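One point on numbering: in UniProt numbering, the residue at position 99 of the sequence shown is 99, and numbering is uninterrupted.
No residue lacks a Cβ here, since even glycine has one placed at the ideal position from N, Cα and C.
Predicted, not measured: the structure shown is a model, and the values here were computed from it.
Below is one structure, written out as structure tokens, with a few remarks after it.
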Amino acid sequence: MRIGPFGWLVVALRLPVLVVVVFGGLLVHLTLRLFERPVFGLRRPVTPFVTQGVCKAALAILGLRLRTQGRPMRRRGAVVANHASWLDIFVMNAPQRIYFVAKDEIATWPGIGWLARATGTIFIRRAAREARAQKLTFEARLRAGHHLCFFPEGTSSDGIRVLPFKPTLFAAFFAEELAGILSIQPVSVIYIAPKGRDARFYGWWGDLGFGAHFLRVLAQPRQGRVELIFHEPLPITETSDRKALARACEERVRAGLAAHLPDGVMAR
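Below, the structure written as structure tokens:
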């Protein structure tokens with residue numbers, strides 16, 4: 001999509017404010033961590049509120065309306081959702097305080113990698129030799145009361161479909177000493193495109209470059225909206241294994257997406 005003169009004006013107005021809010025928030029976050037880390041260790045009783053405030057402000061600057069249905073869980077465990085866009089970072093953080101699980105390559109990305117590291121993201125390598133170390137990291141963070149958030153599809157989609165959920169990361173939640181107190185909450189993320197735009201407008205997938213997609217979204221004068229459906233949490237003890245849990249979460253997320261996209265839009 002080509003950006004016209006008015007679109008570039010919108011970019012010029014939004015981008016500086018977004019940069020100030022995001023990186024100003026990062027500075028506040030890092031300053032608070034100087035005191036939070038030595039006193040509380042893994043626990044982060046203060047800085048997640050900064051992250052949440054920055055994400056709410058970022059969505060307001062972009063003009064992207066957020067609607068929620070259901071409530072984020074309070075019990076210990078993790079949140080899983082379908083993955084459609086870099087916008088998911090702001091969208092998922094705005095109504096709740098979570099810590100993302102992401103591919104290790106993201107840690108090296110300029111800007112985004114710094115933000116992810118500062119806000120407590122867990123970076124993982126998809127290699128068998130790393131599985132045990134990653135499992136121990138998950139367990140330590142869960143014991144500290146962190147709500148982890150990951151995208152079981154393993155990659156982003158076009159926003160109008162749900163890819164098969166991979167069960168690998170679900171294994172950590174079946175640790176014998178943790179399973180009895182943990183739950184997984186499935187969340188459906190539904191992007192509704194601006195009027196007149198392709199239904200996949202907010203989707204960032206395939207060979208779409210981040211810069212081009214970022215500018216396209218930023219240049220859109222009147223945005224669409226995003227809806228989050230918080231489904232009932234699934235206690236670990238009520239599922240037999242990681243594959244069954246991944247399948248149950250996928251079914252709920254897929255059903256939520258199908259129920260809230262406009263008729264005839266969802267791809268199978």
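*Can you name the start and end residues of the beta strand (DSSP E) that residue 226 belongs to?*
225-230
*Determine the DSSP secondary structure at residue 184, reduced to helix, strand or coil.*
strand
*If you compare alpha carbons, which of 249, 112, 259 is closest to residue 210?*
112
*Verify whether the separation of the beta carbon atoms of residue 188 and residue 77 is less than 7 Å.*
no
*Just how far apart, CA to CA, sit residue 249 and residue 81?*
8 Å
*Can you name the residues that DSSP bridges to residue 189?*
228
_residue 150 burial status per 10 Å Cβ neighbour count (16 or more: buried)_ = buried
*Can you name, in chain order, every residue of its own chain whose Cβ lies under 8 Å from the Cβ of residue 218, other than the five neighbours on each side?*
10, 11, 14, 15, 18, 62
*Using three-state DSSP, classify residue 56 as helix, strand or coil.*
helix
*asked:* Here's the rule: buried if 16 or more other CB atoms are within 10 angstroms of the residue's CB, otherwise exposed. What is residue 232?
replied: exposed
*Is there contact between the stretch 45-58 and the stretch 165-181, where contact requires at least three CB pairs shorter than 8 Å?*
no
_So, for residue 273: in the same chain, excluding its five sequence neighbours on each side, which residues have a beta-carbon less than 8 Å away from its beta-carbon?_
This structure gives no information on residue 273, because the portion of the chain shown stretches from 1 to 268.
*Is the number of C-beta pairs between the stretch 59-73 and the stretch 222-237 that are closer than 8 Å three or more?*
yes
_Quick check on the DSSP output: the beta strand (DSSP E) that includes residue 102 runs from which residue to which?_
99-103
*For residue 145 and residue 203, believed in contact at Cβ under 8 Å, the rounded distance*: 33 Å between Cβ atoms; not a contact.
*Quick one: measure Cβ to Cβ for residue 99 and residue 141, integer angstroms, because I've assumed they're closer than 8 Å.*
7 Å
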